[in-house]
Structures are given as C-alpha cells and as structure tokens.
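Trainee: Residue numbers for the sequence shown follow our numbering, so the first one is 127 and each next one is one higher. Beta carbons are placed, not taken as given, at the ideal position from N, Cα and C, and that holds for glycine. If you scroll down you'll find the structure; I have some questions about it.
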Amino acid sequence: MLKNSKVTLGLPHSDPVTESVADLLTLAEPLDYKSSRMSMGPGAQTAMGKGLLPSPGDEEGRPAWNSKLQYILAQVGFSVGLGNVWRFPYLCQKNGGGAYLVPYFILLILIGIPLFFLELAVGQRIRRGSIGVWNYVYPQLGGIGVSSLMVCGFVGLYYNVIIGWSIFYFFQSFQYPLPWAECPIRVVNGSQAIIEPECEKSSATTYFWYRQTLNITSTIEDSGGLNWKMTLSLFAAWLIVCLAVIKGIQSSGKVMYFSSLFPYVVLICFLVRGLMLKGSVDGIAHMFTPKLEKMLEPQVWREAATQVFFALGLGFGGVIAFSSYNKRDNNCHFDAALVSIINFITSILATLVVFAVLGFKANIMNEKCVVENAEKILGYLKSGVLSLELIPPHVNFSHLSALDYQEMYGVIKTVKEDSFDQLGLDPCILEDELNKAVQGTGLAFIAFTEAMTHFPASPFWSVMFFFMLINLGLGSMIGTMTGITTPVLDAFPKIRKEFLCVGCCIVAFFCGLLFVQRSGNYFVTMFDDYSAGLPLTVVVILENISVAWIYGTKRFMQDLEDMLGFRPYSFYFYMWKYVSPACLTVLIVATVIEMAVSPAGYNAWVEELASEKFLSYPPWALGVAYSLIIAAMLPLPCVFIARHFNLLSDGSNKLSVSYRKGMTKDLSGLEEENESRFILSKGTPSPSPSPMPSHRPNLGPGGAQEMTNTAGYGTGTPTKTGYQNIHSPESEL
Numbered sequence: 127m128l129k130n131s132k133v134t135l136g137l138p139h140s141d142p143v144t145e146s147v148a149d150l151l152t153l154a155e156p157l158d159y160k161s162s163r164m165s166m167g168p169g170a171q172t173a174m175g176k177g178l179l180p181s182p183g184d185e186e187g188r189p190a191w192n193s194k195l196q197y198i199l200a201q202v203g204f205s206v207g208l209g210n211v212w213r214f215p216y217l218c219q220k221n222g223g224g225a226y227l228v229p230y231f232i233l234l235i236l237i238g239i240p241l242f243f244l245e246l247a248v249g250q251r252i253r254r255g256s257i258g259v260w261n262y263v264y265p266q267l268g269g270i271g272v273s274s275l276m277v278c279g280f281v282g283l284y285y286n287v288i289i290g291w292s293i294f295y296f297f298q299s300f301q302y303p304l305p306w307a308e309c310p311i312r313v314v315n316g317s318q319a320i321i322e323p324e325c326e327k328s329s330a331t332t333y334f335w336y337r338q339t340l341n342i343t344s345t346i347e348d349s350g351g352l353n354w355k356m357t358l359s360l361f362a363a364w365l366i367v368c369l370a371v372i373k374g375i376q377s378s379g380k381v382m383y384f385s386s387l388f389p390y391v392v393l394i395c396f397l398v399r400g401l402m403l404k405g406s407v408d409g410i411a412h413m414f415t416p417k418l419e420k421m422l423e424p425q426v427w428r429e430a431a432t433q434v435f436f437a438l439g440l441g442f443g444g445v446i447a448f449s450s451y452n453k454r455d456n457n458c459h460f461d462a463a464l465v466s467i468i469n470f471i472t473s474i475l476a477t478l479v480v481f482a483v484l485g486f487k488a489n490i491m492n493e494k495c496v497v498e499n500a501e502k503i504l505g506y507l508k509s510g511v512l513s514l515e516l517i518p519p520h521v522n523f524s525h526l527s528a529l530d531y532q533e534m535y536g537v538i539k540t541v542k543e544d545s546f547d548q549l550g551l552d553p554c555i556l557e558d559e560l561n562k563a564v565q566g567t568g569l570a571f572i573a574f575t576e577a578m579t580h581f582p583a584s585p586f587w588s589v590m591f592f593f594m595l596i597n598l599g600l601g602s603m604i605g606t607m608t609g610i611t612t613p614v615l616d617a618f619p620k621i622r623k624e625f626l627c628v629g630c631c632i633v634a635f636f637c638g639l640l641f642v643q644r645s646g647n648y649f650v651t652m653f654d655d656y657s658a659g660l661p662l663t664v665v666v667i668l669e670n671i672s673v674a675w676i677y678g679t680k681r682f683m684q685d686l687e688d689m690l691g692f693r694p695y696s697f698y699f700y701m702w703k704y705v706s707p708a709c710l711t712v713l714i715v716a717t718v719i720e721m722a723v724s725p726a727g728y729n730a731w732v733e734e735l736a737s738e739k740f741l742s743y744p745p746w747a748l749g750v751a752y753s754l755i756i757a758a759m760l761p762l763p764c765v766f767i768a769r770h771f772n773l774l775s776d777g778s779n780k781l782s783v784s785y786r787k788g789m790t791k792d793l794s795g796l797e798e799e800n801e802s803r804f805i806l807s808k809g810t811p812s813p814s815p816s817p818m819p820s821h822r823p824n825l826g827p828g829g830a831q832e833m834t835n836t837a838g839y840g841t842g843t844p845t846k847t848g849y850q851n852i853h854s855p856e857s858e859l
C-alpha cells in the first residue's frame, strides 16, 4: 500500500486488500484486465471519449533523441533513399517530363503529407512502435503493426543486398582506369587476343555488371550457387547496419548526421560538375520539357501516387518508431511538412543530376554513332555504292557535326529509298538517346557508371557516387531496422536491444544468401515487385480508417490540439476522413488490376544474345511471389479474428513494468494534484471495503459521467466498469 495516499479506502484490515489503481500498479506481475471484471473491450475503448495515452509516466524509461536536428535527419535519412535517385527521375522522364511534377505534387498534398503527419502524431502520442500503437488505437486491428514488421523484414532482406552491390563497386572504383571502362581481352589458342564476345555485343559497363559482378545465370530456375564476391559484400553491408543500430537511437542518431547530409554534398558536387559537361543542358531541357497530354493518362497518376507513397516510407513502421522517441509536445505538424518538402526537393535535385549526366552521355553516344556511320558512308563512296553527288558540298568528314550527318542521312534516304535499308545506316538522333529510359540498377550500375568513365578523374567521381548510394541505403536501412526492433522491444522490454539487433542481422544475413546466388538478382526483382506494394497500401488505408473512422477524426483532432497546443487545419480533417481513404482505395484497385493484367515475369540476361529477355515466372516462382503478399497481409485477418473471438490477449491491456512504475509515481503525489480525478467512490469509504468495488462508477473526462462498456468481450449487453485509472492505456482509448 502506498503511504500517505488519500486514494486508499477503508480502515486497517487484517487481510491484504487491494483498494486502488495505485495498489494494482505496484503488484509484481502485470495485470491482464481482459480477464477481470474491469475488462472494457475494444468497442468501449473507442466509446469513452478520451484521448490517446497522455500519461507522462511512461516517458522516463524510454530513449529520446538528443536534439530536434538529430530526429529530423533520421526521418529525412529514412524517407530519402535510393528511390529518389533512380526511381523518381525514371518516372519523370517516362510520364511527361515536367508535366509529371504536377500530379506528383498534388498527390503529395492529398496523400503524402496528411498520412505522414498521421503516423508522426500517433507514434509521438502513444510512444510505442507500430505493433503497440495499433493495439492501443484499436486492438482488433493490431495486425497492422505485425504486417508492417513483416514488410520491413522482406524489404530489409533485399534492400541491403543493393547496399552490398554498392560496396563492391565502391572498392572497385579505387583504380585507374575503372574496371568497367573497357571490354576485357580473351586470349585464344595461347596467342590470339580477341575482345570478350559477350562484352562486344553489349557494352563494357553492362558486361561488368552482369558477368563480373553478378555472374548471372540465364533463368531463375538455374541458381548457379553462391557468388562469393557478393556474399562478402552482403556480410559487410549487414555488419555496417548492425553497428549503426546496435545501441538504438543512441548509435543510429549519430550515424544519421553523416549518412543523411553526405548525399546532399555529393549531389550538389555532381550537379555543378555535370553542368560543366558538354550536352548536360540538353538532358535537363529534355527532362523538364512538359508533355501535357500525359497528365490525362490514369497510369501517370497511379505511378505518381505509388511514388509519393513509398518516397515517404509510409506503412513501414519506421516513421512511427522514430517519432515515438519524441517528447509529446513536439510540433510533429511542422516535422511532417518539413520532411515531405525536403524529400520532394531531393527528388528534383537528383533528377537534375541524373539528366545532366545522362545528357552528357547521350551526346557522347550520339557523336560515336555519327563517327561510325560516317565511316560506313566513306566506305560506300569508295566502293561506288554511293555517289559523291549525294554528299552536300559543305560537309567535311574530318569535322562532321551531328547536324551535317543528319542532313546527309536525309539526302541518302530520299535518293536510295528502295535500297536504303541494306546500307545499315542509323539516324543518330540525340532525342532517341535521351528517350532511352533506365531505372534502378540499370541506371546506377550501367548508365551512370558508363557516363562516369568519360569524366576527368573518373575514379574520384565513382568513389563519391557509390559512397553516396551506400549512405542513402544506410539511412533507409536504419529506419527499416528501427521499424522491426522498436515494436519487439516494446512488447518484450526485458530483451537487450544489443542482442536483438545482432540476432536480427545474423538471421537476415543468412536469409539474404538467397539474393547472392548467381540468380539472386531475379529474386531481388521479385521481392521488389511483390513483397511491399500491395501489402503496404492495405496497411496504410487501415491505419487511416482506424484513426479517422474507428477512433474518430474529431477526437483525434482534439488530441492533437492538446498535444501540440494548437488545432491543426481543417484541411487535415477532410483529408483523413474522406480524401486519403478514397485515393488509397483507388490505388489498391488499380494495383490489383495492374497485377492481373500485366504478365508476371522478369528480365533475364541471356549470355548468348548479350541482352535482356523477358521471361515468365515458372509456377513455383509465381507461388513464392504471391506467398510474399499473403504472408505480409495474413496477420491482419488473423489478429482480427483471434481478438474478436477472445482467442488472443488484448495487447493494449498489458502494461509494461516501466509504465506501471511511471503510473505509481504519478499517483504518489496526489496531494499536489486535483484529487477528484482519482477518487474511486462518490461516497464515504465503508469500514469494510470489498476487494472489487464494482458498484463504484468510474468518472468520465469531466469527472461526472459514469462510463459503461458498450461492447464488452463476449457479451452483447452494456456493462459498467469497476474502476479504471484515467491515465491508463485502456481508459484512454
């Protein structure tokens, strides 16, 4: 019993009697209110009209960010990733150039910022990871957090493989010339030297990627065994991630100072250097020349919504986990707008860099095309196939420009119309080179590396570029790992975070061996296409519904006003209540239709052809692909059914030891507080109190209303609650 506490009722008694919430909280074992007469059920939690967990007691034992800057950098590092560098520029080029920015920005306002704000606010208010947050908001949808954790696991497995590839290229960059600058020479019969046929048919950078880096097989069915170079690179990647997250935010927060800021230094350096290259302006002009007709295509809006969705890291749990380490009065509304805008500006900056460099590369390739075809024409002139009269008088073959060649090409095509195809001449149009859209690994490890071979001091720029990719990936991986470890540590606080982080990294490394087989790149593509897209969209719409429709948008807005000190704009009310759920529903339908219509397959590298070829997945691989979707979404119905039929304990009703200690401390100083909020009885204490005074009503938010359980577990009639502390998680929902 607490000494000098005025909330303990009754006179001294020979038997120990539990009289107050404070007494209950001092018990050694956590109480499961679900099994007692105080059980209130999930329906009652949302019917009591209270806010989300405003208890200050739980804050003492939880880690916190050292500064606001550290937290912002962590959120920026998580949201700004490889997709900003190699996905956004591709979508911008594919979907109308500058015109694509219009639907992207509109959807960023309608979907991105409101849902990002929602995740930040919920995590900051409840101060739990993804599993704990949604158990508290609505326990029957507690599977949301588990699904987020599953998706984080799937994405983390293959995402770190990409960091491993970047590490391999990073160390290969410390040599001159770069190893992918020229095709290797093969010695035949001990004396004859020939260019490697596979390289000659493709290009030096393509050959280095597919053959010397991945040593890829021709089909997904041929595993080819482990690629030991990639295995060591994957081990190095997981070692770096483990060291970064081993101490939680104490270690990862410090890493973020570098990993979040360094990519911007590199991007700005690349932009300045790129603008000095010949043809860079052509690339940028091509990039931002708007094709307004593209804005009317539904596919453009679907891809813009998907990019907004994944660019901010919604649904992964990392956003919630990071914000859970904030103080409850932190202005998360400002954070949501700031991080979203930084993310958008970063995408624009990366697009400028990519197309400045690709514009330079396009000019190099176009000049090469002109030289090769000019040599063909000279050969035809010498052999008499073509007449000198076809060549304009001002054309000088020793200084042949692209415009002169195109003029000569047009004359020859007009005069030799019947036999022109037999000449094998290419038009060498710069626009065609610029229209060759590349994304993902094709952009980073083939197109960009090829462009850098033409840079002065190319090894320096290559080292900078791949070090930037490592840091971009590391920032996202820290957020992904935090999305995994934080909810686990919240559920099992006795586990040491160091052991959990090391264990997760070891298990993930061995699971990741699937991706460092010779056929591993095909599995990376499979996981990228199937493990996150649809499951995450479902997770986020359920997050939106649980807050806006089950908990209540008006109540959530009131909670935000209490937490922030001001009421957010009504704009968010309508976005959360109507617009965002509608947009997400359309996105889910469009994604399902796209999956049903598009053939399920992958681009295989065929060694004999030295080119990619689209192949359909075999039945077993298709089964694996769809099992990823099912595995990620399965916790949603399972948890719902289990809690609906009382087969699974309500996670919101178990308080951690640290939470109970905080509550006990809060109750021990009632003399200085308004005691009326904690009085357990309206009348005078009886001389012989009962252990479970269920006849005493609990006071509502105003201190005068009796609260009832309108949806108790296993009952269909309203039941009065015995008593419940106004600051407990159960009473706050």
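Using the C-alpha atoms, what's the distance from L668 back to A674?
Mentor: Going by the C-alpha atoms only, they are around 10 Å apart.
Trainee: Tell me whether I413 is buried or exposed, calling it buried when 16 or more other Cβ atoms sit within 10 Å of its Cβ.
Mentor: A quick correction: the sequence has Met, not Ile, at residue 413. Burial call: buried.
Trainee: Where does K623 land, buried or exposed, given buried means 16+ other C-beta within 10 angstroms?
Mentor: Buried: at least 16 other Cβ atoms inside 10 Å.
Trainee: Just the C-alpha distance for T339 and V391, rounded to the nearest angstrom, thanks.
Mentor: Cα to Cα, T339 sits roughly 28 Å from V391.
Trainee: By Cβ distance below 6 Å, which residues in the same chain neighbour E322 in space, the five residues on each side in sequence not counted?
Mentor: The residues are C309, P310, R312.
Trainee: Quick one, are the C-beta atoms of T345 and I572 less than 8 Å apart?
Mentor: In this structure, I572 does not lie closer than 8 Å to T345 by Cβ.
Trainee: Nearest to S545 by alpha carbon, out of E515, Y506, H520?
Mentor: The candidate whose alpha carbon is nearest that of S545 is Y506.
Trainee: Just list the residues that DSSP pairs A730 with in beta bridges.
Mentor: DSSP output for A730 lists K739 as bridge partner(s).
Trainee: Three-state secondary structure (DSSP) at L227?
Mentor: In the structure shown, L227 sits in a helix (DSSP, three-state: H, G or I).
Trainee: From L267 to A437, what distance separates their C-alpha atoms?
Mentor: Each residue's Cα considered, the two are about 25 Å apart.
Trainee: Just tell me which of A747, I288, E501, I289 has its CA closest to the CA of Y728.
Mentor: Nearest C-alpha to Y728: A747.
Trainee: I'd like to know whether the C-beta atoms of T606 and G282 end up nearer to each other than 8 Å.
Mentor: Closer than 8 Å, so yes.
Trainee: Using 8 Å as the Cβ pair cut-off and three pairs as the minimum, do the segment 533-550 and the segment 582-591 touch?
Mentor: No, they do not touch.
Trainee: What are the boundary residues of the beta strand (DSSP E) that includes V705?
Mentor: Unbroken run through V705: none, as it is neither H nor E.
Trainee: I320 lies in the beta strand (DSSP E); which residues open and close that run?
Mentor: First-last of the beta strand (DSSP E) with I320: 318-321.
Trainee: Just list the alpha helix (DSSP H) runs in the segment 562-615, keeping only unbroken ones of 4 residues or longer that don't cross its boundaries, in chain order.
Mentor: As far as the segment 562-615 is concerned, its whole alpha helix (DSSP H) runs of at least 4 residues are 574-578.
Trainee: Which term fits Q94, buried or exposed, when burial requires 16 or more other beta carbons within 10 angstroms of its beta carbon?
Mentor: In this structure the chain extends from 127 to 859, so residue 94 is not present and cannot be described.
Trainee: So which of I257, F300, I474, V732 has the shortest CA-CA distance to T343?
Mentor: Closest option to T343, Cα to Cα, is V732.
Trainee: I'd like the span of the alpha helix (DSSP H) that includes V650, first residue to last.
Mentor: From DSSP, the alpha helix (DSSP H) with V650 extends over 646-656.
Trainee: Give me whichever residues DSSP pairs with I311 in a beta bridge.
Mentor: BP columns for I311 point to I321.
Trainee: Just to confirm my understanding: we take S359, look at its own chain, exclude 5 residues before and 5 after, and list those with CB closer than 6 Å. What are they?
Mentor: Contacts found: G290, I293, F294.
Trainee: State the beta-bridge partners of Q643 as determined by DSSP.
Mentor: Looking at the DSSP assignment, Q643 forms a beta bridge with L352.
Trainee: Is the beta carbon of V445 sitting closer than 8 Å to the one on M603?
Mentor: No, the Cβ-Cβ distance between V445 and M603 is not below 8 Å.
Trainee: Is the separation between the beta-carbon of P725 and that of S737 shorter than 8 Å?
Mentor: No.
Trainee: Let me know the secondary structure DSSP gives S406 once reduced to three states.
Mentor: Three-state result, S406: helix.
Trainee: Would the segment 203-215 count as touching the segment 626-638 if we require 3 or more Cβ pairs under 8 Å?
Mentor: The segment 203-215, when compared against the segment 626-638, does not touch it at the 8 Å Cβ threshold.
Trainee: Would you call the CB atoms of A758 and S672 closer than 8 Å?
Mentor: Not in contact: A758 and S672 (Cβ atoms no closer than 8 Å).
Trainee: What number of angstroms, rounded off, separates the C-alpha of G207 from the C-alpha of G599?
Mentor: The straight-line gap from Cα to Cα measures roughly 6 Å.
Trainee: Here's a check: name, in chain order, each residue in its chain whose Cβ is nearer than 6 Å to the Cβ of P389, leaving out the five neighbours to either side.
Mentor: M594, N597, L598, listed in sequence order.
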